[in-house]
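Numbering (the numbering used here), first residue to last: 2 to 273.
Heads up, the beta-carbon is just placed ideally off N, CA and C, and yes, glycines get one too.
The model shown is predicted, which means the values in this text are computed figures rather than measured ones.
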């Protein structure tokens, strides 16, 4: 198992903090509204992969420094080089960015996005790929790929976004590249809740603390089933969930919850 605390794990391209079972990932280039680079994409991908094997992280909060979430790919460090690449290099890049979404979806911990200010391009994808999203009530989210001459089908957007906000709404955002207001995001189900500006992170952390105290094996099973059942029929889904729940019923956490209920006390989950 990986230990991803403090001195044992020090990413180069974003801030990382672990405490009380919660890992906080902070994109930290505030002077540019926290854009991504080739290196930060790769390091984020690798970090979410390591989380599959972590025994000290139960929930992840993803946020940005300086009042913004993420402005997308860095114009000078990513966009400009892409215009000079040949197809093999371009495909390696687009597959790598897709792998970041895969790792976010496949890590067992719930990933919670805390969105302030600008959330655009690949930044909007990072929020979309998270399990839960909390936004400041003045934030703006834009899947702006068509505004730079690219298709809206980037990093799984055509598969994931319609499942969150509906096909018609997703199609409008992906075709036009316009900004979705925070209130639209809440009304459409993109955001789970809105906070005052500057308070989205604390809202996300409150949820993370609640989840980190819960049965993390069961949370991981829930996340796995949410992902698996996108592409199966109801009969298959029922079997997947029957097997998943039977496995959870063999855990000590299930027994702890029963014993706590019988003794009229709150269960303390340990993840086994």
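Backbone CA spacing between residue 74 and residue 232 [nearest angstrom]:
The alpha-carbon separation between residue 74 and residue 232 amounts to approximately 30 Å.
Threshold first: 4 residues or longer. Then list the alpha helix (DSSP H) segments lying entirely within the region 53-138, N to C.
Runs of the alpha helix (DSSP H) lying entirely within the region 53-138, each at least 4 residues long, are 88-107, 123-130 in chain order.
Please classify residue 176: is it buried, with 16 or more other beta-carbons within 10 angstroms of its beta-carbon, or exposed?
Exposed, since its Cβ has fewer than 16 Cβ neighbours within 10 Å.
Would you call the region 133-145 in contact with the region 75-90, where contact means no fewer than 3 C-beta pairs closer than 8 Å?
Touching, no, given that fewer than three Cβ pairs across the two stretches are closer than 8 Å.
Complete alpha helix (DSSP H) runs within the region 147-220 (minimum length 4 residues, chain order):
Here the runs fully enclosed are 158-166, 168-177, 183-189, 201-213.
Identify which residue in 15, 165, 259 has its Cα closest to the Cα of residue 192.
Nearest option by C-alpha distance: 165.
Let me check you understand the geometry: is the CB of residue 65 closer than 6 Å to at least one non-hydrogen atom of the ligand NAP?
The ligand content of the structure shown is nil, which means the ligand NAP is not present either.
Just grab the DSSP bridge partners of residue 26 for me.
Here residue 26 is bridged, per DSSP, to 17, 63.
Between 171, 215, 230, which lies nearest to residue 111 when the distance is taken from Cα to Cα?
Selected option, being the one with the closest Cα: 215.
Cutting at 8 Å between CB atoms, please list the residues of its own chain near residue 267, excluding the five before and the five after it.
Non-local C-beta neighbours of residue 267 in its own chain, meaning closer than 8 Å and more than five positions away in sequence, comprise 261, ordered along the chain.
Where do the ends of the beta strand (DSSP E) carrying residue 142 lie?
Start and end: 141-143.
Would you please state the rounded distance, in angstroms, between the beta carbons of residue 76 and residue 26? I believe it to be under 8 Å.
About 23 Å; that fails the 8 Å criterion.
Please work out which residues of its chain come closer than 6 Å, Cβ to Cβ, to residue 67, disregarding the five sequence neighbours upstream and downstream, and give them in chain order.
When the five nearest sequence neighbours on each side are left out, the beta carbons in the same chain lying within less than 6 Å of the beta carbon of residue 67 are those of 31, in order along the chain.
Should residue 113 and residue 209 be called a contact, given that it needs their Cβ atoms to be closer than 7 Å?
Yes, they are a contact pair.
Is the CB-CB distance between residue 144 and residue 123 below 7 Å?
Cβ atoms of residue 144 and residue 123: not closer than 7 Å.
Does any C-beta atom of chain C lie closer than 7 Å to the C-beta of residue 266?
No chain C appears in the structure shown, which is made up of a single protein chain.
Pairwise C-alpha distance: residue 259 and residue 141:
Cα to Cα, residue 141 sits roughly 44 Å from residue 259.
Are residue 251 and residue 241 closer than 7 Å when you measure CB to CB?
Contact: no.
Here's a check: name, in chain order, each residue in its chain whose Cβ is nearer than 6 Å to the Cβ of residue 160, leaving out the five neighbours to either side.
Closer than 6 Å at Cβ, skipping near neighbours: no residue.
Does the distance from the C-beta atom of residue 117 to that of residue 70 stay below 7 Å?
Cβ atoms of residue 117 and residue 70: closer than 7 Å.
Contact set for residue 43: own chain, Cβ-Cβ below 7 Å, skip 5 residues either direction:
Answer for residue 43: 97, listed in chain order.
Would residue 205 and residue 59 be called neighbours here (beta carbons separated by less than 7 Å)?
Residue 59 sits away from residue 205, with the two beta carbons spaced by 7 Å or more.
Of the listed residues 109, 120, 174, 263, nearest to residue 272 (C-alpha basis):
The closest CA to that of residue 272, considering only 109, 120, 174, 263, is found on 109.
How many angstroms separate the CA atom of residue 101 from the CA atom of residue 49?
When rounded, the distance between both Cα atoms is 8 Å.
Please determine, among 137, 12, 172, the residue with the shortest C-alpha to C-alpha distance to residue 146.
Selected option, being the one with the closest Cα: 172.
Thinking C-beta only, is residue 139 closer than 7 Å to residue 195?
Cβ atoms of residue 195 and residue 139: not closer than 7 Å.
When the distance is taken between beta carbons, is residue 15 closer than 7 Å to residue 29?
Contact: yes.
Buried versus exposed call for residue 2 [16 or more other C-beta atoms within 10 Å across all chains shown]
Residue placement at residue 2 cannot be trusted, given a pLDDT of 48 that sits under 50; what the coordinates show is reported in the next sentence. With fewer than 16 neighbouring CB atoms inside 10 Å of its own CB, residue 2 falls in the exposed class.
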